[in-house]
Amino acid sequence: MSGCRLTCTVPVEHETSLSSARSASLRTTESAAIAIRTFFRIAAEWDLTVQDLQALLRVGRTTFLRWQQGRYEAGLTPAVLERLSHVFGIYKSLQILLPVRERSNAWIRQPNDGPLFRGEPALQRMLRGPAENLAVVRAYLDAQCGGGFPTSDLI
């Protein structure tokens with residue numbers, strides 16, 4: 009799998025949402041709705057809890073509940089946009105590396121002996137601390153696509 013350069017196999021509904029998100033201004037209510045709906049679809053595939061979702065985006069309960077109800081009263085903050093970008097990048101890389109949906113969705117929960125995870129699932133690192141933890145997981149997976157890390161740690 010080293011050096012894979014495959015096309016993204018993001019499901020059509022995600023692809024449409026991501027394309028729309030790219031074309032909209034990132035600070036509008038419309039783009040916030042598109043981004044959060046896409047995030048919720050990914051989270052459902054990954055079978056994440058409400059606590060996981062809040063931890064990934066570092067948002068409070070009230071904001072999260074508003075989003076769940078489809079109420080987007082303003083654009084997203086730069087911090088939330090950064091976290092969403094990393095989650096979308098992680099999802100995309102997993103779809104490329106592990107095109108069987110069950111495997112790609114399960115990867116974040118499986119113990120990982122890779123040098124960055126020390127036996128913990130990637131999700132544990134993603135949920136802890138600053139956005140840099142999401143960025144590290146994303147960079148790890150992006151490097152796997154480009155052959156930067158040994159793929160035996162991934163598969």
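Sequential numbering of the sequence shown, starting at 9, is according to our numbering. Positions of the beta carbon are idealized from the N, C-alpha and C atoms, including for glycine. Fair warning: this is a prediction, and the values are worked out from it, not measured in the lab.
| Query | Result |
| --- | --- |
| Pro-119, DSSP secondary structure in three states | strand |
| 8 angstroms Cβ cutoff, Tyr-148 in contact with chain B | Protein chains in the displayed structure number just one, and chain B is not present. |
| C-beta contact flag for Ala-143 and His-94 at 8 angstroms | yes |
| Residues that Pro-129 bridges to, as DSSP identifies them | Pro-119 |
| Integer Cβ distance of Gly-127 from Pro-119, believed to fall under 8 angstroms | 5 angstroms |
| DSSP three-state assignment for Gln-62, whether helix, strand or coil | helix |
| Assigned exposure category for Gly-83 - 16 Cβ within 10 Å defines buried | buried |
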